[in-house]
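Residue numbers (the UniProt record's numbering): 1 to 202. C-beta atoms are modelled at their ideal positions from N, C-alpha and C, and glycine is treated no differently. Following: one structure in structure tokens, then a few remarks.
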Amino acid sequence: MFTGIVQGTGIVTSITQPSPDFRTHTIELPLHMADNLQIGASVAHNGCCLTITDFNGREASFDLMGETLAKTNLGTLKTGDRVNLERAARFGDEIGGHVMSGHIIATTAITRIDQSEHNRTIWFALPQDLKPYILTKGFIGLDGCSLTIGEVNNDEFNVHLIPETLTRTLFGNRQVGDIINVEIDPQTQAVVDTVARILAAR
Numbered sequence: 001m002f003t004g005i006v007q008g009t010g011i012v013t014s015i016t017q018p019s020p021d022f023r024t025h026t027i028e029l030p031l032h033m034a035d036n037l038q039i040g041a042s043v044a045h046n047g048c049c050l051t052i053t054d055f056n057g058r059e060a061s062f063d064l065m066g067e068t069l070a071k072t073n074l075g076t077l078k079t080g081d082r083v084n085l086e087r088a089a090r091f092g093d094e095i096g097g098h099v100m101s102g103h104i105i106a107t108t109a110i111t112r113i114d115q116s117e118h119n120r121t122i123w124f125a126l127p128q129d130l131k132p133y134i135l136t137k138g139f140i141g142l143d144g145c146s147l148t149i150g151e152v153n154n155d156e157f158n159v160h161l162i163p164e165t166l167t168r169t170l171f172g173n174r175q176v177g178d179i180i181n182v183e184i185d186p187q188t189q190a191v192v193d194t195v196a197r198i199l200a201a202r
């Protein structure tokens, strides 16, 4: 379980890919995230839950299966790229965002960016199969960040980002066309799907 509060970014130091549907990448973690880690621990990369398979100092390795490579933006990473990171939540931790599973359901592209002096509004293409779950003022996970949805129209939705988010996460450097991992709020999905089933049965 994760909270969507990104704790830092890490740099990809190496990638090995023995086949098209499997790769291992190694991440250099920020110093404050490397304490008391062990093999088997979960760390979210751009919101995708991965398991540590090897650990040495500040460098941790993670295996990515074919499904992960196909369904997330992690399959396009190159050595030197950065990823948003969050360690798994522990009982008693403050939940500053919303409960997230680390299971990416889709990706989407940034379509436009509106920049003001202190804020940035980023617009994303609206995946039509996720449209029922993307609601104004609802929660969404984007590259592992717990964010509140701003506006939603037929083809796009947006989020408003404060300077702290831009500094702490990759969104400070994201550009139009970049592909972003999406995790929808599971509570919203459960309510929408339940209502749809009830109405369909009438």
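Since residue i is in the alpha helix (DSSP H), which residue starts that stretch and which ends it?
i    : result
I149 : Not the alpha helix (DSSP H): I149 falls in the beta strand (DSSP E), residues C145 to V152.
D193 : P186 to A201
P163 : P163 to R168
Can you name the start and end residues of the beta strand (DSSP E) that residue i belongs to?
i    : result
L64  : E59 to M65
L85  : R82 to R87
D112 : One point to set straight first is that residue 112 is Arg, not Asp, in the sequence displayed. First-last of the beta strand (DSSP E) with R112: A106 to Q115.
P18  : G8 to S19
R174 : Where R174 is concerned, there is no enclosing beta strand (DSSP E), given that its DSSP letter is neither H nor E.
R90  : From DSSP, R90 is part of no beta strand (DSSP E); its letter is neither H nor E.
I5   : That residue, I5, is in no beta strand (DSSP E); it is neither H nor E in DSSP.
Could you work out which residue in the options is closest to residue i when comparing CA atoms only?
i    : options                   : result
P127 : G4, N158, S101 and V99    : N158
S42  : R90, F139, T107 and V12   : R90
N73  : N46, E151 and I184        : N46
N154 : P132, S146, L142 and L166 : P132
G138 : Q17, G144, A106 and I184  : I184
V176 : T111, S101, I27 and F62   : T111
G141 : T188, M33 and E117        : T188
G172 : D129, D35, Q115 and R202  : Q115
A70  : D35, A106 and T51         : A106
Exposed or buried, what is residue i when buried is set at 16 or more other beta-carbons lying within 10 Å of its beta-carbon?
i           : result
V182        : buried
R174        : buried
A60         : buried
A109        : exposed
residue 239 : Residue 239 is absent from the structure shown; the chain starts at 1 and stops at 202.
I27         : buried
T194        : exposed
A44         : buried
L199        : exposed
D143        : buried
T148        : exposed
Are the beta-carbon atoms belonging to residue i and residue j less than 9 angstroms from one another?
i    : j    : result
V6   : L85  : yes
H98  : G4   : yes
R82  : L170 : yes
I113 : W123 : yes
I179 : T53  : no
T79  : V12  : yes
I15  : H25  : yes
L166 : T121 : no
L37  : F55  : yes
G57  : P20  : no
E156 : T136 : no
N119 : P163 : yes
G8   : H32  : yes
Starting from the N-terminal side, write out each stretch of the alpha helix (DSSP H) that is 4 residues or longer and does not extend beyond the region 21-79.
66-71
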